[in-house]
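Chains as they are written, first to last, in our numbering: chain A, 1 to 119; chain B, 1 to 109. Beta carbons: idealized from backbone N, C-alpha and C, even for Gly. Step one of this worksheet: look at the structure below.
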Amino acid sequence: DAEITQSPRHKITETGRQVTLACHQTWNHNNMFWYRQDLGHGLRLIHYSYGVQDTNKGEVSDGYSVSRSNTEDLPLTLESAASSQTSVYFCASSESTLAFGTTNTGELFFGEGSRLTVL
Amino acid sequence: DAKTTQPTSMDCAEGRAANLPCNHSTISGNEYVYWYRQIHSQGPQYIIHGLKNNETNEMASLIITEDRKSSTLILPHATLRDTAVYYCIVRGRAQKLVFGQGTRLTINP
Chain A
1 DAEITQSPRH KITETGRQVT LACHQTWNHN NMFWYRQDLG HGLRLIHYSY GVQDTNKGEV
61 SDGYSVSRSN TEDLPLTLES AASSQTSVYF CASSESTLAF GTTNTGELFF GEGSRLTVL
Chain B
1 DAKTTQPTSM DCAEGRAANL PCNHSTISGN EYVYWYRQIH SQGPQYIIHG LKNNETNEMA
61 SLIITEDRKS STLILPHATL RDTAVYYCIV RGRAQKLVFG QGTRLTINP
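Here you go:
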């Protein structure tokens, strides 16, 4: 079955270290997204991509970067981890076109999340 | 994308219908209403979406007012497993979803 997977599921790192969270989907979706969720809050969009070589900043992109070299993967990199980046990170993907009235609901499929702790 | 307003929390008895309201008074003509839910610390799960007409699927029903300024998600026979945070999202042509704070729904036995 097609799926979306994140790794690692849990990571503890130190302030100033570079960290990369992996996201891999097997649906061949063009759209991929990274969100973070802090305790008691909703999800906030970090970066997103609508296809290979395309990346866009979300509402909380400072301190994060992404690259899209193929359809399946959108790794999220924290160049110099900070304690404020301690959070749960969710990756998601969706089909390229929202087409109402067809079987394409435009829904986002989410991974299980990666819990990052920066000490 | 238009903003949405939802109650912070709601309670519902098991077996009853759970009606979750959402206000989206600034919605524009080409924007859809989406509902997702997040159970505990899992990734959000799609429930249903609509543009103008009411919609129903195996999970829920979506009632959108005629002026499209508000909507209601209905879980017809709530179970304990429906306890979750429910997000109402207005989505335009952009493929990204912007989440608000959602409604924490607690189903009581």
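Identify each residue in the region 74–88 of chain A for which the Cβ-Cβ distance to at least one residue of chain B is less than 9 angstroms, and report them in chain order. Answer set for the region 74–88 of chain A: V88.
Is the beta carbon of V118 of chain A less than 7 angstroms from the beta carbon of Q37 of chain A? No. Outside cutoff.
Listed in chain order, which residues of the region 54–65 of chain A have Cβ atoms closer than 9 angstroms to some Cβ of chain B? Closer than 9 angstroms at the C-beta level to chain B, one finds these residues of the region 54–65 of chain A: N56, G58 and E59.
If you reduce the DSSP assignment to three classes, tell me which class R9 of chain A lands in. Coil.
Check the C-beta distance from W120 of chain A over to H47 of chain A and give it rounded, since I have them as a contact under 8 angstroms. Here chain A covers residues 1 to 119 and nothing more, so residue 120 of chain A does not appear.
On the criterion of 16 or more Cβ atoms from any shown chain inside 10 Å, does G106 of chain A qualify as buried, or is it exposed? A residue is called buried once 16 or more other Cβ atoms fall within 10 Å of its Cβ, and G106 of chain A is buried on that count.
Is any non-hydrogen atom of the ligand GTP found closer than 6 angstroms to the C-beta of V85 of chain B, if you look at the structure I gave you? Ligands are entirely absent from the displayed structure, and the ligand GTP is therefore not among its contents.
What is the residue span of the beta strand (DSSP E) that R104 of chain B lies within? Following the DSSP letters along the chain, one finds R104 of chain B inside the beta strand (DSSP E) bounded by residues T103 to N108.
Of the choices B:I89, B:K96 and B:A84, whose alpha-carbon is the least far from that of N108 of chain B? Of the candidates B:I89, B:K96 and B:A84, the one whose C-alpha sits nearest the C-alpha of N108 of chain B is B:A84.
Quick check on DSSP: helix, strand or coil for G101 of chain A? Note on G101 of chain A: pLDDT 49, under 50, position unreliable in the model; no value is reported.
Take G63 of chain A as the anchor and find which of A:Q85, A:T55 and A:G51 has the nearest alpha-carbon. Taking only the C-alpha atoms, the option nearest G63 of chain A is A:Q85.
9 angstroms Cβ cut-off: residues of chain A touching Y87 of chain B: Neighbours of Y87 of chain B on chain A, chain order: G42 and L43.
With DSSP run on the structure shown, which of helix, strand or coil describes R115 of chain A? Here R115 of chain A sits in strand by DSSP.
Taking buried to mean at least 16 other C-beta atoms within 10 Å of its own C-beta, is G101 of chain A buried or exposed? Confidence at G101 of chain A is low in this model, with a pLDDT of 49, below 50, so the placement of that residue should be treated as unreliable; the coordinate-derived value is given next. Within 10 angstroms of the beta-carbon of G101 of chain A lie fewer than 16 other beta-carbons, which makes it exposed.
Using the C-alpha atoms, what's the distance from A92 of chain A back to H77 of chain B? Straight-line Cα distance between these residues: approximately 29 angstroms.
Whole angstroms is fine: what's the gap from Y121 of chain B's alpha carbon to Q101 of chain B's? The shown model of chain B, from 1 to 109, leaves out residue 121 of chain B, and the question about it has no answer.
Report all residues from its chain with a CB closer than 6 angstroms to the CB of K69 of chain B; omit the five preceding and five following residues, and keep chain order. Hits under 6 angstroms: S25.
Which residues of chain B have a Cβ atom closer than 7 angstroms to the Cβ of E107 of chain A, listed in chain order? Ordered by position in chain B, the residues that pass the 7 angstroms Cβ test against E107 of chain A are Y46.
Give me the chain B residues within the contact set of E112 of chain A, using Cβ-Cβ distance strictly less than 8 angstroms, ordered along the chain. Under a criterion of Cβ atoms nearer than 8 angstroms, the residues of chain B adjacent to E112 of chain A are, in order, Q42 and G43.
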